[in-house]
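*Asks:* Encoded as C-alpha cells, here's the structure I'll be asking about.
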Amino acid sequence: MPRLPFRMSCHAAGFLISAATLLCSPLPALASAGCSSDVSGNHVTDVADVLAVINSWGPCPSPPLPCDADVDGNGVVNATDLLTVLNGWGSCPCSSQLGCLSATGVWCEDFELGNYARWTDGYAPGNSCETTGFAANTFVSPTHSHKSTVICATPESHRGYGGLRFQGDVLIPSFAIPSTGGIDAPNGVIVTFWSWVSVPYTFTPTKWLSLMTVTNDCSNTWADVITLNLDDSTMRIKPVHVSTVTYVPNAPSMPLQQWVRTTVYINYYAGVLHVWQNGTKVVSAAFSRPVDTMCQWHWGLYASGNNDNITLYEENISIVKLQQPLTNFTVEPWVAPGTIACMGAQ
Ligand SMILES: [Ca+2]
Ligand SMILES: [Ca+2]
Ligand SMILES: [Ca+2]
C-alpha cells in the first residue's frame with residue numbers, strides 16, 4: 507500500500523511556449539469518432555492538429571506506423587488535409603451517439619501551475635533512485651507536464667506521484683484531514699489521463715508499473731485499491747485487484763515514448779470498469795467493494811522496487827461524474843468542452 511505522503515518542494519517556473527518544442531513532441535494517435543479534423547483525438551480541432559498535419563507532411567509511412575494526419579485517407583498528408591483541419595476548427599460535435607455524455611467536472615490537473623496546489627498532496631522521492639517533479643520539454647497542454655523517473659532498484663516500491671482524497675465531491679487539502687466518504691456517482695465516473703512511458707524492458711507480475719490507483723477506502727492505509735498496471739510481456743493495461751478481466755480481441759499494448767490518452771469508466775455501484783487507449787477499447791473488469799463511493803486516487807510512477815529504468819510523463823488528468831448512464835461500452839466516452847475547466851490554464 508502507498509505510504510503516507512508529505513510535502514515536496516517545486517522548482518518549476520513559467521516557460522515561454524516553444525514552437526520548436528511543440529514540433530518535436532511525439533504525436534498522439536487516432537482521430538476522434540465523427541470528427542476527422544481532430545487528428546490528435548482530444549475532441550477539439552485546434553493548433554495541435556495543424557501541427558500534427560505539418561509534422562506528417564508528405565507520403566504516409568508504411569503500416570503499422572500510423573498516419574493519423576491523413577484525414578481523407580488518400581495515403582498522403584497535404585494541403586487537402588490541412589484545409590479539412592482548418593474547416594473543422596473548434597469543438598467536435600457532442601452527441602451521445604459519438605460517445606459525448608452529460609457530466610459534471612469533479613477534478614482536473616494540467617500541471618500548468620507547476621505545483622501540487624490542486625492535489626491533496628504530492629509525494630517526495632523516497633530515495634535517490636527516484637525523481638518526481640514538473641517538466642517543460644514534452645507536454646499536451648500548453649507548457650508543462652509531470653515527470654517521474656526510476657534510475658535504480660530499491661527494496662521498497664517506487665512512488666513518484668500526487669494523491670487525492672475526497673469528502674463527497676470536495677477535495678480535501680491534506681491527508682491529515684479525515685473523510686467519511688468519497689465521490690458518489692450512481693452513473694459512474696470517467697477518468698482521463700495522458701501518459702508518456704519509456705522503459706527498456708517488458709514488465710512481469712513481480713516487476714510492474716502502476717499508472718492509476720483508486721479506492722473506496724478513505725484511510726491512510728489505502729485498503730481495497732483497484733489499480734491499472736503494466737505487469738506482463740504484452741505491455742497491455744491490466745486492471746488489478748478485481749474479480750474478472752476481459753480484454754477485447756487484439757487489445758493494443760501501451761505505446762512507448764509517445765503520448766497516450768487513457769480513458770477509464772468506473773462505476774462502483776455496478777462494480778465495473780472499462781478502459782480505452784487513444785480512443786480504442788482495451789479491457790473491462792468486474793469488481794466488488796463494500797461501499798459505492800470513491801475516496802482516494804493517485805496517478806504516476808508507482809512501480810515495484812526492482813524496476814531500475816523508467817521515465818513517465820503525465821498530463822491532463824480529470825475526473826468527471828456522469829449525469830446519464832453509459833450504455834455503449836465500445837465507443838470511448840467523453841464530455842462536452844467546459845466540463846473539465848482547468849485544461850490549458852496558465
Ligand atoms: Ca485535437
Ligand atoms: Ca490526405
Ligand atoms: Ca500541461
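Residue numbers 507 to 852, in this note's numbering, belong to the letters of the sequence shown in order. Ideal Cβ placement from N, Cα and C applies to all residues, glycine included.
Looking at tryptophan 805 and phenylalanine 699, is the spacing between their C-beta atoms short of 7 angstroms?
*Replies:* Cβ atoms of phenylalanine 699 and tryptophan 805: closer than 7 angstroms.
*Asks:* Check whether the Cβ of valine 797 lies closer than 6 angstroms to any heavy atom of ligand 2, and answer yes or no.
*Replies:* It does not: the Cβ of valine 797 is nowhere closer than 6 angstroms to a heavy atom of ligand 2.
*Asks:* Is the distance from the Cβ of methionine 800 to the Cβ of tyrosine 819 below 7 angstroms?
*Replies:* Not closer than 7 angstroms, so no.
*Asks:* Select from Trp625, Pro745, Gln830 and Ile657 the residue whose C-alpha is nearest the C-alpha of glycine 811.
*Replies:* Cα-wise, what sits closest to glycine 811 is Ile657.
*Asks:* Between the Cα of valine 857 and the Cα atoms of Pro599, Asp616, Ser568 and Val646, which residue gives the shortest distance?
*Replies:* For the chain, the structure presents residues 507 to 852; residue 857 sits outside this window and is missing.
*Asks:* Check each candidate in Ser701, His747, Lys787 and Val731 and name the one with the smallest Cα separation from glutamine 763.
*Replies:* Ranking the options by Cα distance to glutamine 763, first place goes to Ser701.
*Asks:* So is the beta-carbon of aspartate 552 under 6 angstroms away from any non-hydrogen atom of ligand 3?
*Replies:* No - ligand 3 has no heavy atom lying nearer than 6 angstroms to the Cβ of aspartate 552.
*Asks:* Check whether the Cβ of arginine 593 lies closer than 6 angstroms to any heavy atom of ligand 2, and answer yes or no.
*Replies:* In the sequence as presented, arginine is not what sits at residue 593; that position holds asparagine. It does not: the Cβ of asparagine 593 is nowhere closer than 6 angstroms to a heavy atom of ligand 2.
*Asks:* Is the region 738 to 745 in contact with the region 821 to 838, if contact means three or more CB pairs nearer than 8 angstroms?
*Replies:* No, they do not touch.
*Asks:* Given a threshold of 16 other Cβ atoms within 10 Å of its Cβ, counted over all protein chains shown, does isoleucine 846 qualify as buried or as exposed?
*Replies:* Burial call: buried.
*Asks:* Where does glutamine 783 sit, in a helix, a strand or coil, going by DSSP?
*Replies:* Glutamine 783: strand per DSSP, three-state reduction.
*Asks:* Assign valine 556 to one of three DSSP states: helix, strand, or coil.
*Replies:* It is helical.
*Asks:* Determine the DSSP secondary structure at glutamine 802, reduced to helix, strand or coil.
*Replies:* Here glutamine 802 sits in strand by DSSP.
*Asks:* Quick one: Cα of glycine 674 to Cα of serine 597, how far?
*Replies:* Spanning the two alpha carbons is a distance of roughly 30 angstroms.
*Asks:* In or out: aspartate 555 buried (at least 16 other Cβ within 10 Å) or exposed?
*Replies:* Per the 10 Å Cβ criterion, buried.
*Asks:* Could you check which residue in Trp563, Val703 and Val781 has the C-alpha nearest to that of asparagine 834?
*Replies:* Among Trp563, Val703 and Val781, the Cα nearest to that of asparagine 834 is on Val781.
*Asks:* Could you have a look at aspartate 587 and say whether DSSP puts it in helix, strand or coil?
*Replies:* Helix at aspartate 587.
*Asks:* In terms of residues, what are the limits of the beta strand (DSSP E) holding valine 697?
*Replies:* 695 to 704 is the extent of the beta strand (DSSP E) around valine 697.
*Asks:* Quick one: grab the DSSP three-state call for serine 602.
*Replies:* Helix at serine 602.
*Asks:* DSSP on leucine 592, reduced to helix/strand/coil?
*Replies:* Helix at leucine 592.
*Asks:* Regarding aspartate 555 and ligand 1, is the C-beta to nearest heavy atom distance less than 6 angstroms?
*Replies:* Correct: aspartate 555 has its Cβ closer than 6 angstroms to ligand 1.
*Asks:* So is proline 534 buried or exposed if we call it buried at 16+ other beta carbons inside 10 Å?
*Replies:* Caution applies to proline 534, whose pLDDT of 39 falls short of 50 and renders its modelled position unreliable; the value that the coordinates give is listed next. Looking at its Cβ environment, which holds 16 or more other Cβ atoms inside 10 Å, proline 534 is buried.
*Asks:* Quick one: is the Cβ of histidine 747 within less than 6 angstroms of any heavy atom of ligand 3?
*Replies:* The answer is no for histidine 747.
*Asks:* Considering just the uninterrupted stretch of the beta strand (DSSP E) at arginine 767, what are its terminal residues?
*Replies:* Where arginine 767 is concerned, the enclosing beta strand (DSSP E) stretches over 765 to 773.
*Asks:* Suppose you measure from the CA of threonine 727 to the CA of threonine 721; what does that come to, to the nearest Å?
*Replies:* Answer to the nearest angstrom: the Cα atoms are 10 angstroms apart.
*Asks:* How many Å lie between methionine 849 and tyrosine 753 at the Cα?
*Replies:* Distance between the alpha carbons of methionine 849 and tyrosine 753 is about 30 angstroms.
*Asks:* Sorry if obvious, but does the Cβ on asparagine 726 come closer than 6 angstroms to a heavy atom of ligand 2?
*Replies:* Because no heavy atom of ligand 2 lies under 6 angstroms away, the Cβ of asparagine 726 does not count as near it: no.
*Asks:* For the beta strand (DSSP E) containing phenylalanine 617, list its first residue and its last residue.
*Replies:* That residue, phenylalanine 617, is in no beta strand (DSSP E); it is neither H nor E in DSSP.
*Asks:* Could you name the residues that DSSP lists as bridge partners for isoleucine 825?
*Replies:* Bridge partners of isoleucine 825: Trp613 and Val697.
*Asks:* Three or more beta-carbon pairs under 8 angstroms between the region 624 to 641 and the region 701 to 719, yes or no?
*Replies:* Contact between the region 624 to 641 and the region 701 to 719 is absent, because fewer than three Cβ pairs lie under 8 angstroms.
*Asks:* From Ser651, Asn693, Pro692 and Met760, pick the residue whose C-alpha is nearest to that of serine 704; which is it?
*Replies:* Here the closest residue by C-alpha is Met760.
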